[in-house]
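Student: Structure incoming, see below.
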Amino acid sequence: PFASVELAPRDPILGLTEQYNADTRPGKVNLGVGVYYDDEGRIPLLQSVRRAEQARLEAAAARGYLPIDGIANYNQGAQKLLLGEGSPLVAEGRVLTVQTLGGTGALKVGADFLRAFLPDAKVAISDPSWENHRALFERAGFDVVTYAYYDAATRGLNFAGMTDSLRALPEGSIVVLHACCHNPTGVDPTAEQWAEILEIVKARKLVPFMDIAYQGFGDGLEQDAQVVRRFADAGLTMLISSSFSKSFSLYGERVGALTVVAGNKEETGRVLSQVKRTIRTNYSNPPTHGASVVAAVLNSPELFKLWDEELAGMRDRIRLMRQELVNKVKAHGATQDLSFVVKQRGMFSYSGLSAAQVETLREESGIYALSTGRICVAALNSRNIDVVAAAIAKALK
Ligand code: PLP
Ligand code: TYF
Numbered sequence: 004p005f006a007s008v009e010l011a012p013r014d015p016i017l018g019l020t021e022q023y024n025a026d027t028r029p030g031k032v033n034l035g036v037g038v039y040y041d042d043e044g045r046i047p048l049l050q051s052v053r054r055a056e057q058a059r060l061e062a063a064a065a066r067g068y069l070p071i072d073g074i075a076n077y078n079q080g081a082q083k084l085l086l087g088e089g090s091p092l093v094a095e096g097r098v099l100t101v102q103t104l105g106g107t108g109a110l111k112v113g114a115d116f117l118r119a120f121l122p123d124a125k126v127a128i129s130d131p132s133w134e135n136h137r138a139l140f141e142r143a144g145f146d147v148v149t150y151a152y153y154d155a156a157t158r159g160l161n162f163a164g165m166t167d168s169l170r171a172l173p174e175g176s177i178v179v180l181h182a183c184c185h186n187p188t189g190v191d192p193t194a195e196q197w198a199e200i201l202e203i204v205k206a207r208k209l210v211p212f213m214d215i216a217y218q219g220f221g222d223g224l225e226q227d228a229q230v231v232r233r234f235a236d237a238g239l240t241m242l243i244s245s246s247f248s249k250s251f252s253l254y255g256e257r258v259g260a261l262t263v264v265a266g267n268k269e270e271t272g273r274v275l276s277q278v279k280r281t282i283r284t285n286y287s288n289p290p291t292h293g294a295s296v297v298a299a300v301l302n303s304p305e306l307f308k309l310w311d312e313e314l315a316g317m318r319d320r321i322r323l324m325r326q327e328l329v330n331k332v333k334a335h336g337a338t339q340d341l342s343f344v345v346k347q348r349g350m351f352s353y354s355g356l357s358a359a360q361v362e363t364l365r366e367e368s369g370i371y372a373l374s375t376g377r378i379c380v381a382a383l384n385s386r387n388i389d390v391v392a393a394a395i396a397k398a399l400k
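In the UniProt record's numbering, the protein residues as written are 4 to 400.
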């Protein structure tokens with residue numbers, strides 16, 4: 004029955020990691036996938052996580068089924084991080100949050116829910132966006148279009164283009180917005196620009212689906228949630244997918260959440276019942292370990308403080324690597340102005356390297372980047388940065 008099954012294309016990001024893993028050169032560097040590595044080049048196990056895991060191990064917790072929507076105080080903790088302590092929306096009963104299999108799971112559950120109730124809506128994603136956005140919403144059955152976003156000439160935001168394309172969307176379209184630390188460009192709108200985007204979203208009755216996978220990697224947990232809060236406080240009905248994969252360095256535990264801000268309390272109940280139905284018919288209920296660890300950290304003032312400090316450490320190290328990369332590429336003789344790398348936020352930089360230059364880096368130096376020129380700055384460290392900077396400077400000549 005499978006004779007006509009075609010070979011599916013590889014995920015361009017995860018496919019690159021397979022290629023990297025197969026490379027036998029000792030000095031190879033993977034700047035492809037968006038993962039935070041510490042200065043030793045390892046994926047860190049945070050102290051806050053370790054302590055919560057220790058406590059959980061000692062408690063010898065049973066592993067019964069979780070409720071369909073997951074661990075209650077995990078969901079409340081995730082909600083509080085997004086909407087803030089004492090959010091009036093939460094008090095009004097207008098917010099629901101369900102535990103999901105990472106941020107991807109939140110997008111998928113949200114997409115399936117939307118497809119059931121807004122089947123004809125278009126889904127607009129940024130140009131460019133995270134590769135999986137288009138694939139995921141198309142698989143859910145939507146027609147996916149793009150809105151202008153990145154301006155290669157200025158290496159910044161094409162704000163006029165962005166607002167024009169948002170204004171041109173059919174009323175009721177779903178618009179996927181990166182709340183902070185845009186993947187793949189590292190370019191975010193300013194607060195003033197967000198205010199204008201919000202006005203367009205309201206005027207065109209768009210349904211925002213905010214994706215926040217890097218909360219804490221921009222300016223801090225509270226600062227990075229400002230856009231989400233402004234949209235929610237404006238009275239909009241919206242969806243939010245959030246992820247702890249990066250901020251807790253718990254990639255493989257699949258810790259994420261889908262939050263929906265609905266119109267009123269009664270509507271929230273109805274929406275929750277349908278979101279739970281989506282989950283039930285997909286995987287029944289989510290896994291226990293990762294979410295119970297995250298919940299323990301979010302609900303302990305002491306562990307939360309430790310986590311916040313560890314997150315700041317990751318954020319600061321990425322900033323340092325951005326600065327050092329700019330300095331070192333210049334020191335190696337490149338004449339191009341790379342100062343935009345320092346202005347970009349989060350894990351990524353759209354480096355401006357062409358597909359051919361990226362290929363040269365890979366072939367000559369074993370340095371892997373995406374063909375779009377995206378590099379993961381969080382994979383740089385004090386041991387590999389000189390080699391990378393020298394190779395980039397050479398490629399730029
Ligand atoms: N959304 C964006 C923009 C991302 O970069 C990622 C990265 O993995 C995700 C969602 C998915 O997060 P997760 O790994 O938690 O599924
Ligand atoms: O953009 C990235 O590199 C991260 C990790 O299918 C990732 O978001 C990449 C591809 C993918 C899932 C996660």
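The C-beta atom is built at its ideal place from N, Cα and C for all residues, glycine as well.
Are the CB atoms of Val-38 and Leu-17 nearer to each other than 8 Å?
Tutor: no
Student: In or out: Pro-12 buried (at least 16 other Cβ within 10 Å) or exposed?
Tutor: exposed
Student: Quick check: the Cα distance between Leu-19 and Leu-364, rounded to an integer number of angstroms?
Tutor: 13 Å
Student: Given this structure, state the Cα-to-Cα distance separating Gln-102 from Ala-138, to the nearest angstrom.
Tutor: Cα-Cα distance, rounded: 22 Å.
Student: Rounded to whole angstroms, how far is the Cβ of Gly-164 from the Cβ of Ala-151, which I believe are closer than 8 Å?
Tutor: 3 Å
Student: Under the three-state reduction of DSSP, which class applies to His-335: helix, strand or coil?
Tutor: coil
Student: Secondary structure at Pro-211, three-state DSSP: helix, strand or coil?
Tutor: It is a strand residue.
Student: Taking 8 Å as the threshold (C-beta atoms), are Thr-262 and Val-98 in contact?
Tutor: yes
Student: Taking a cut-off of 6 Å, which residues have a beta-carbon closer than that to any heavy atom of the ligand NAD, in chain order?
Tutor: Looking at this structure, you won't find the ligand NAD anywhere; what it does contain is the ligand PLP and the ligand TYF.
Student: Cα separation between Gly-89 and Ala-63?
Tutor: 33 Å
Student: So, using beta-carbon positions, are Asn-384 and Asp-42 closer together than 8 Å?
Tutor: yes
Student: Name the DSSP bridge partner or partners of Leu-160?
Tutor: Tyr-153
Student: Taking all protein chains shown into account, decide if Val-231 is buried (16 or more other Cβ within 10 angstroms of its Cβ) or exposed.
Tutor: buried
Student: If you reduce the DSSP assignment to three classes, tell me which class Ser-374 lands in.
Tutor: In the three-state DSSP reduction, Ser-374 falls in the coil class, being neither helix nor strand.
Student: Out of Pro-131, Ser-176, Leu-314, point me to the one whose CA is closest to Pro-122's CA.
Tutor: Ser-176
Student: Are there 16 or more other CB atoms within 10 angstroms of the CB of Lys-111, so buried, or fewer, so exposed?
Tutor: buried
Student: To test your reading of the DSSP string, which unbroken beta strand (DSSP E) runs of 3 or more residues are found completely within the segment 75-156?
Tutor: 98-104, 125-130, 146-151
Student: So, with DSSP's three-state summary, where would you put Ser-168?
Tutor: helix
Student: Name the two residues that bound the continuous alpha helix (DSSP H) containing Ser-364.
Tutor: One point to set straight first is that residue 364 is Leu, not Ser, in the sequence displayed. That run of the alpha helix (DSSP H) goes 358-368.
Student: For the ligand PLP, is there any heavy atom lying closer than 7 Å to the beta carbon of Asp-41?
Tutor: No; taking the cut-off as 7 Å, the Cβ of Asp-41 has no heavy atom of the ligand PLP nearer than that.
Student: Under 7 Å: does the beta carbon of Gly-106 sit that close to some heavy atom of the ligand PLP?
Tutor: yes
Student: How big is the Cα-Cα spacing for Glu-312 and Glu-225?
Tutor: 13 Å
Student: Please identify the residue among Thr-100, Arg-45, Ser-51, Arg-283 whose C-alpha is closest to the C-alpha of Arg-303.
Tutor: In the sequence as presented, Arg is not what sits at residue 303; that position holds Ser. Of the candidates Thr-100, Arg-45, Ser-51, Arg-283, the one whose C-alpha sits nearest the C-alpha of Ser-303 is Ser-51.
Student: Kindly indicate the opening and closing residues of the beta strand (DSSP E) around Phe-351.
Tutor: 351-353
Student: When the Cα of Ala-56 is compared with those of Val-332, Thr-188, Leu-253, Tyr-153, which residue comes out closest?
Tutor: Before going further, note that residue 56 is Glu rather than Ala in the sequence given. Out of Val-332, Thr-188, Leu-253, Tyr-153, Leu-253 has the C-alpha closest to the C-alpha of Glu-56.
Student: Compute the minimum distance between the beta carbon of Ser-250 and the heavy atoms of the ligand PLP, and state whether it is under 7 Å.
Tutor: no
Student: What is the residue span of the beta strand (DSSP E) that Val-264 lies within?
Tutor: That run of the beta strand (DSSP E) goes 258-264.
Student: Could you pull the DSSP bridge partners for Val-179 from this structure?
Tutor: Phe-212
Student: Hey, Val-264 and Leu-92 are a contact pair by Cβ (cut 8 Å); roughly how many whole angstroms apart?
Tutor: 6 Å
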